[in-house]
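Asker: Have a look at the structure that comes next, please.
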Amino acid sequence: MARILIVDDAKFMRLTLSNILKKADHDVVGEGENGKEAIEMFRALHPDLVTMDITMPVMSGLDAVKEIKQEFPEAKVVMCSAMGQQKMVVESIEAGAKDFIIKPFDENRVLEAINRVLDVTV
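Using full-length UniProt numbering, count along the sequence shown one by one with no gaps and you end on 122.
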């Protein structure tokens with residue numbers, strides 16, 4: 001079971017992800033609404049993994065990944081993006097994100113990405 005932080009400005013998306021993760025026996029340790037909260041919560045909670053939306057107010061997921069990876073090189077981040085954000089997904093991966101999931105979320109794809117990044121064999 002992994003400790004996961006969910007960061008997305010849309011409450012519905014956080015809820016959807018949270019349900020998928022809890023069903024797979026993961027522990028959702030926190031939820032944030034923007035990149036700034038993501039960084040603060042990462043520092044406080046030290047989760048095993050973060051799911052991070054790319055486009056958010058205050059600070060983007062891309063900027064948050066860069067800052068988290070700079071401070072915590074071992075951090076595991078999975079980006080969440082809508083269709084058509086390929087350029088930002090590539091930038092996120094270059095910034096240190098380990099994988100990405102496309103919205104709307106497909107439960108199998110979400111768990112596949114999470115397990116791969118956590119290096120869990122199912």
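Ideal Cβ positions, reconstructed from N, Cα and C, are used throughout, including at glycine.
Have a look at L15 and E74 and give me their C-alpha separation to the nearest angstrom.
Answerer: As a working mapping, residue 15 is identified with position 15 in the sequence shown. As a working mapping, residue 74 is identified with position 74 in the sequence shown. Those two C-alpha atoms are separated by around 26 Å.
Asker: Quick one: complete beta strand (DSSP E) runs, 3+ long, within the segment 28-106?
Answerer: List check, beta strand (DSSP E) in window: 49-53, 77-81 and 99-102.
Asker: If we call anything under 7 Å between Cβ atoms a contact, is I20 one with E112?
Answerer: Here the question's residue 20 lines up with position 20 in the sequence shown. Here the question's residue 112 lines up with position 112 in the sequence shown. Their beta carbons are not under 7 Å apart, which means I20 does not touch E112 by this criterion.
Asker: For K103, tell me which candidate among A64, T55, E67 and I93 has the shortest Cα-Cα distance.
Answerer: Along the sequence shown, read from residue 1 onward, the residue named residue 103 stands at position 103. Comparing Cα positions, the closest option is T55.
Asker: Exposed or buried, what is H46 when buried is set at 16 or more other beta-carbons lying within 10 Å of its beta-carbon?
Answerer: Here the question's residue 46 lines up with position 46 in the sequence shown. Flag for H46 reads exposed.
Asker: Check for me: the alpha helix (DSSP H) holding M13 runs from which residue to which?
Answerer: Looking up residue 13 in the sequence shown gives position 13. Start and end: K11 to K23.
Asker: Hey, is the segment 69-86 in contact with the segment 27-34, meaning 3+ C-beta pairs nearer than 8 Å?
Answerer: The segment 69-86 vs the segment 27-34: no contact.
Asker: In the DSSP assignment, find the beta strand (DSSP E) that holds V7 and state where it starts and stops.
Answerer: Against the sequence shown, residue 7 aligns to sequence position 7. First-last of the beta strand (DSSP E) with V7: R3 to V7.
Asker: Within 10 angstroms of the Cβ of K98, are there 16 or more other Cβ atoms? Answer buried if so, exposed if not.
Answerer: Here residue 98 is taken as the residue at index 98 of the sequence shown, counted from 1. K98 is buried by the Cβ-count criterion.
Asker: Under 6 Å from any heavy atom of the ligand ATP, does the C-beta of K22 make it?
Answerer: In the structure shown, the ligand ATP is absent, as is every other ligand, since no ligand is present at all.
Asker: Can you give me the C-alpha to C-alpha distance between A24 and I4, rounded to a whole angstrom?
Answerer: Against the sequence shown, residue 24 aligns to sequence position 24. Against the sequence shown, residue 4 aligns to sequence position 4. Computed Cα separation, rounded: 12 Å.
Asker: Measuring only the C-alpha atoms, how far is P57 from M88?
Answerer: On the sequence shown, residue 57 is found 57 positions in, with the first residue counted as 1. On the sequence shown, residue 88 is found 88 positions in, with the first residue counted as 1. C-alpha separation (whole angstroms): 15 Å.
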